[in-house]
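A.B. asks: Before I ask anything, let me first share the structure, which is written out below as structure tokens.
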Amino acid sequence: MNEIPQGYYLLLAGVLFTIGTIGVLTRRNAIIIFMSIELMLNSVNLTLVAFSSFFGDSSGQIFVFFVMAIAAAEAAVGLAIVLALFRLKKTIYVDEANILKY
Amino acid sequence: MLEAYFPLIIMVVFGFAVAFIFMLLSQWLGARRGTKEKQTVYESGMVPYGNARERFSVKFYLVAVSFIVFDIEVVFLYPWAIQFKELGIVPFIAVLIFIAILFIGYFYEYKKGGLKWD
Amino acid sequence: MANETILMLPLYLIGFFSLAAVGLDPLFSKNKKVIYYLSLIGLLEAAISAGYALYLHTLTPAPNIEISYAKNMVSTGGMAYFFDILFCLSGILILLSSPRYFTREYKELSEFYSLILLSVSGMMIMAHSANLLVLFIGIEIMSLSFYILAGFIRIRIMSVEAALKYFLLGAFSTGFLVYGIAMIYGATGTLTLSVIQLSIQTNTINSLYLTIGIGLIIIGLSFKAAIFPFHQWAPDVYHGSPTVIAGFLSAAGKAAAMMAFIIIARAIFGGLSQNNFVKDLYVDVRLVLAVLSAATMLIGNITALVQKNIKRMLAYSSVAHAGYLLMGVVAANERGWSGILFYSTAYILMQIGAFIVISLSERNDEQNLKISEYRGFSKAHPYLAAIMSIFMFSLAGLPPFAGFFGKYYLFTAAVETGYVWLTIVAVISSLISMYFYIGLIIKMYFEDPDTQPMVAESGHAVLALTLSTAGVMIFGIFPSLLMDIAKIFF
């Protein structure tokens, strides 16, 4: 069976990363921004796994485990911060959180 | 190169076809009697109440956050568990330390009342 | 084996104490002081053990060689111990000054102490990393603690908003950093820094992936260190977060990001290879960093000129200081690296000191934070005003304070490596910065108060202020004390 060339994985990961980046830059809802960031991290995971299988070296996959764990910790902290903001301002739109500007 | 994908394409086409045919068959063959019960929203057998877009209690988020954090530990345990016999005692101790650290987090959350519902 | 335990002891200790602080927190919910003293002891012990390990390290025949342990995951270099001590010191300064501040502004929570310990342990893990994975874990432990610390006063909108901005941009930059690491992995096939260096020397790399990887890592770390054009979050975050924490984020966080720059730059460009491509890339990367550094200090200092709020002014000037520190990375020689070490020390002492002084006179949310409210500060608080002036002189880079020698080493390092234009820009931006630093001193001493004189109380913060003032003075008068140690690591 033929294998999918390595470049395709990297291309897919690059496209996903770009979509995530654009999402972060254009969306205004804190949760959706955070989801875009998760998409970026997952595209990096894809890159790492692709390289890992290409080299036949497991350290890339182990890195993916840690990225996942850290993404989970980030999700916990991020949701807590968004909740704290919601309690005070009743909004999760980042452009409505704008006191710190002058 | 593309021949490698041929089974995949067959599967996709077949899957779509089966799903589509079943939908059409049930449209044509099934008897339809619209009752009030059937029109209501399905909520696991409960009688639905309120608006679906209602806000949830913040406690749900707390449970979800705890779940995310403690759920991900499996990622680290799984590779160790499948190699358990080959790896021997040192990784076992390492995993014990890992669990102990997790337990500190659990203890903190339990004592601070993070797991209490009321 | 015993030797290895001693060399790794700082990491064990800080890890143990930060976990103990989390675990014991619920047991001592009535008496917050237990966790406070526990954290102080933890930081002190970690600093002392790092000092002892540093001493042992200087005795070895080649103190500039780093030794890796734990399957090439953790290294024990002299630089790592130096930064260990520095981070523990900054943690101690913040701990000493925080209880009074938080009792007054919100309430004292012992989570604060464990979070400081956790962020310090993250920075120390970064310092000891011999592997990109360990570096990444360290950065994330530090950053996650920072996000929570920034929003620590959760009933205050500004604090929570700062935390949200910091979190979103920090997580965004993490994406770039990880992607860069993945690309470096793709270029070299390994995550171990020494093997990366080896494969670049022997030219067994994919140069396209390496270029992309370096670019992405520079973006990611620039976010963390608040370097132009990724600095916009810094003023908002430092302004919004609780004052003592703003000092910690801006000083220790910046030093940690710079240390990551040093570690990665030395791994990738450490031994110059026979490969012409890598040599060209090295020149290009340094040029890019030089342009970023110049832009960072100019923009930081010029924007700081027009600020009305003292926290915001110091925040913008901290952006400029990131630019000065980056000059050492641009120079990339022995003098440049040790200059970063010296300037980080000086910067941590003076920046945290300045923020402690502000935190002492700040009152319930945004009172006494305008620069104009510092008029006649010296009449009401002669000692505090004198200490603040010392920090301002040092931040402005005037002799005989530590900031001057830090700048001197960095500027001469840039001149030595042929970046004369960068040094000229740096001198010009230092002159610009004089205006607002000296302006504050003039306001404190030569103008009459038009409002009620500010009240200030201290507590343990006196100890922190004494420590940082003494450090700024001693390293300013005898810079060789520190510089002689910093030089032997490279």
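Protein chains in written order, with the numbering used here: chain A, 37 to 138; chain B, -8 to 109; chain C, 847 to 1336. No residue lacks a Cβ here, since even glycine has one placed at the ideal position from N, Cα and C.
Out of Y898(C), F863(C) and Y901(C), which one is the CA nearest neighbour of Y883(C)?
C.D. replies: Numbered from 1 along the third sequence, position 37 holds the residue referred to as residue 883(C). Residue F863(C) is the option with its Cα nearest to Y883(C).
A.B. asks: S94(A) by DSSP, collapsed to three states: which one?
C.D. replies: Walking along the first sequence from the start, residue 94(A) turns up at place 58. Residue state, collapsed to three classes: coil.
A.B. asks: Mark N1214(C) as exposed unless 16 or more other C-beta atoms lie within 10 angstroms of its C-beta, in which case mark it buried.
C.D. replies: As a working note, residue 1214(C) is residue 368 in the third sequence. Buried is the call here.
A.B. asks: Any idea if T83(A) is buried or exposed, counting beta-carbon neighbours within 10 angstroms, 16 or more meaning buried?
C.D. replies: In the first sequence, residue 83(A) corresponds to position 47, counting from 1. Counting Cβ neighbours within 10 Å, T83(A) comes out buried, since at least 16 surround it.
A.B. asks: State the Cα-Cα distance for the pair T57(A) and A1310(C), rounded to the nearest angstrom.
C.D. replies: In the first sequence, residue 57(A) corresponds to position 21, counting from 1. In the third sequence, residue 1310(C) corresponds to position 464, counting from 1. Rounded to whole angstroms, T57(A) to A1310(C) spans 42 Å at the Cα level.
A.B. asks: Tell me where the alpha helix (DSSP H) around K953(C) begins and ends.
C.D. replies: Residue numbering aside, residue 953(C) sits at position 107 when the third sequence is read from its first letter. No alpha helix (DSSP H) holds K953(C); DSSP gives it neither H nor E.
A.B. asks: Tell me, which residues are paired with K1216(C) by DSSP?
C.D. replies: The residue labelled residue 1216(C) in the question sits at position 370 within the third sequence. Beta-bridge pairing links K1216(C) to N1155(C).
A.B. asks: Against chain A, with Cβ distances strictly below 8 Å, would F67(B) count as a contact?
C.D. replies: Taking the second sequence and counting its residues from 1, one reaches residue 67(B) at position 76. Yes, because at least one Cβ of chain A sits closer than 8 Å to the Cβ of F67(B).
A.B. asks: If you count every other CB in all the chains shown that lies within 10 Å of the CB of V100(A), and 16 or more means buried, which is it?
C.D. replies: Position 64 of the first sequence, counting from 1, holds the residue named residue 100(A). Result: buried.
A.B. asks: Would you kindly report the start and end of the unbroken alpha helix (DSSP H) that includes R24(B)?
C.D. replies: Start at 1 with the first residue of the second sequence, and residue 24(B) comes out as number 33. No alpha helix (DSSP H) contains R24(B), which DSSP labels as neither H nor E.
A.B. asks: Assuming R1181(C) is part of the alpha helix (DSSP H), what are its boundary residues?
C.D. replies: Stepping through the third sequence from its first residue, residue 1181(C) is reached at position 335. Counting along the chain, the alpha helix (DSSP H) containing R1181(C) begins and ends at E1180 to S1207.
A.B. asks: Taking the C-alpha atoms as reference points, what is the distance between T1038(C) and Y1283(C)?
C.D. replies: Walking along the third sequence from the start, residue 1038(C) turns up at place 192. Walking along the third sequence from the start, residue 1283(C) turns up at place 437. So the two alpha carbons sit approximately 44 Å from each other.
A.B. asks: Contact criterion: CB-CB distance below 8 Å. Does I111(B) meet it with respect to chain A?
C.D. replies: Since the first residue shown for chain B is -8 and the last is 109, residue 111(B) is missing from the structure and cannot be characterised.
A.B. asks: From this set, Y1291(C), I1323(C) and R1002(C), which residue's C-alpha is nearest S1338(C)'s C-alpha?
C.D. replies: Residue 1338(C) is absent from the model: chain C starts at 847 and stops at 1336.
A.B. asks: According to the neighbour-count rule (16 or more other Cβ atoms, all chains shown, within 10 Å of its Cβ), is F11(B) buried or exposed?
C.D. replies: Residue mapping note: residue 11(B) aligns to position 20 of the second sequence, counting from 1. Under this definition F11(B) is an exposed residue.
A.B. asks: Check for me: the alpha helix (DSSP H) holding V60(B) runs from which residue to which?
C.D. replies: For the purposes of this step, residue 60(B) is taken as residue 69 along the second sequence, with counting starting at 1. V49 to D62 is the extent of the alpha helix (DSSP H) around V60(B).
A.B. asks: With a 10 Å radius around its C-beta and 16 neighbouring C-beta atoms as the bar for buried, classify Q1153(C) as buried or exposed.
C.D. replies: Taking the first residue of the third sequence as position 1, residue 1153(C) is located at position 307. Buried, since its Cβ has 16 or more Cβ neighbours within 10 Å.
A.B. asks: Using the rule of at least 16 other Cβ atoms within 10 Å of the residue's Cβ for burial, across every protein chain shown, is A91(B) buried or exposed?
C.D. replies: Position 100 of the second sequence, counting from 1, holds the residue named residue 91(B). Counting Cβ neighbours within 10 Å, A91(B) comes out exposed, since fewer than 16 surround it.
A.B. asks: Counting C-beta neighbours from all protein chains within 10 Å, is the total for G1252(C) 16 or more, i.e. buried, or is it exposed?
C.D. replies: Here residue 1252(C) corresponds to residue number 406 of the third sequence, with the count starting at 1. G1252(C) comes out buried.
A.B. asks: Alpha carbon to alpha carbon, how far is M1329(C) from L124(A)?
C.D. replies: To locate residue 1329(C), count along the third sequence from 1; it is residue 483. To locate residue 124(A), count along the first sequence from 1; it is residue 88. Roughly 49 Å between the two C-alpha positions.
A.B. asks: Along chain C, in chain order, which residues have C-beta atoms closer than 7 Å to that of I106(A)?
C.D. replies: If you number the first sequence from 1, residue 106(A) lands on position 70. Per Cβ cutoff of 7 Å: E986.
A.B. asks: Would you tell me roughly how many angstroms separate the C-alpha atoms of F7(B) and A1098(C), rounded to the nearest one?
C.D. replies: Residue numbering aside, residue 7(B) sits at position 16 when the second sequence is read from its first letter. Residue numbering aside, residue 1098(C) sits at position 252 when the third sequence is read from its first letter. Going from the Cα of F7(B) to the Cα of A1098(C) covers about 57 Å.
A.B. asks: Among N1121(C), A1072(C) and H1077(C), whose alpha-carbon lies nearest the alpha-carbon of T1048(C)?
C.D. replies: The residue labelled residue 1048(C) in the question sits at position 202 within the third sequence. Out of N1121(C), A1072(C) and H1077(C), N1121(C) has the C-alpha closest to the C-alpha of T1048(C).
A.B. asks: Whose C-alpha, out of I1331(C), G897(C) and R946(C), is nearest the C-alpha of S1305(C)?
C.D. replies: Position 459 of the third sequence holds residue 1305(C). The residue you asked about is not Ser; residue 1305(C) is Gly in the sequence shown. Checking every option, the nearest Cα to that of G1305(C) belongs to R946(C).
A.B. asks: Looking at C-alpha atoms only, which residue of A1177(C), V1129(C), E951(C) and H1085(C) is the closest neighbour of V1165(C)?
C.D. replies: The count along the third sequence starts at 1 and reaches residue 1165(C) at position 319. Nearest C-alpha to V1165(C) among A1177(C), V1129(C), E951(C) and H1085(C): H1085(C).
A.B. asks: What does F101(A) touch in chain B if you count any residue whose Cβ is under 8 Å from its own?
C.D. replies: For this step, residue 101(A) is matched to residue 65 along the first sequence. Per Cβ cutoff of 8 Å: V66, F67 and P70.
A.B. asks: Once you ignore the five residues that flank S936(C) on each side, which residues in its own chain have a CB closer than 7 Å to its CB?
C.D. replies: Here the question's residue 936(C) lines up with position 90 in the third sequence. In the same chain as S936(C), and ignoring 5 residues on each side of it, the C-beta atoms closer than 7 Å to its own belong to F1094, A1097, A1098, I1194 and I1198, in chain order.
A.B. asks: Beta-carbon of P1325(C) versus every beta-carbon of chain B: anything under 8 Å?
C.D. replies: Along the third sequence, one-based indexing puts residue 1325(C) at 479. P1325(C) does not count as touching chain B.
A.B. asks: What does the alpha-carbon distance come out to for the pair Y1128(C) and Q42(A)?
C.D. replies: Along the third sequence, one-based indexing puts residue 1128(C) at 282. Along the first sequence, one-based indexing puts residue 42(A) at 6. The alpha-carbon atoms of Y1128(C) and Q42(A) are separated by roughly 28 Å.
A.B. asks: How about I1186(C) and L1286(C): do their beta carbons lie closer than 8 Å?
C.D. replies: Here residue 1186(C) refers to the residue found at position 340 of the third sequence. Here residue 1286(C) refers to the residue found at position 440 of the third sequence. It is not a contact, given that the beta carbons lie outside the stated cut-off.
A.B. asks: If you measure from the beta carbon of V4(B) to each beta carbon in chain A, is any gap under 8 Å?
C.D. replies: Stepping through the second sequence from its first residue, residue 4(B) is reached at position 13. It does not: the Cβ of V4(B) has no partner Cβ on chain A nearer than 8 Å.
A.B. asks: Answer yes or no: do L1144(C) and Y1281(C) have a C-beta to C-beta separation smaller than 8 Å?
C.D. replies: Position 298 of the third sequence, counted from the first residue, corresponds to residue 1144(C). Position 435 of the third sequence, counted from the first residue, corresponds to residue 1281(C). For L1144(C) and Y1281(C), no; Cβs fall outside 8 Å.
A.B. asks: Which partner residues does S975(C) have in the DSSP bridge list?
C.D. replies: For the purposes of this step, residue 975(C) is taken as residue 129 along the third sequence, with counting starting at 1. Per DSSP, V920(C).
A.B. asks: If you draw a straight line from the alpha carbon of M847(C) to that of R1221(C), how long is it in whole angstroms?
C.D. replies: Taking the first residue of the third sequence as position 1, residue 847(C) is located at position 1. Taking the first residue of the third sequence as position 1, residue 1221(C) is located at position 375. Because the pLDDT of M847(C) is 44, which lies under 50, any placement of that residue in the model is unreliable, and the number read from its coordinates should be weighed accordingly. C-alpha separation (whole angstroms): 60 Å.
A.B. asks: Which residue marks the beginning of the alpha helix (DSSP H) containing A1344(C), and which one marks its end?
C.D. replies: In the structure as shown, chain C begins at 847 and stops at 1336. Residue 1344(C) is therefore absent and cannot be evaluated.
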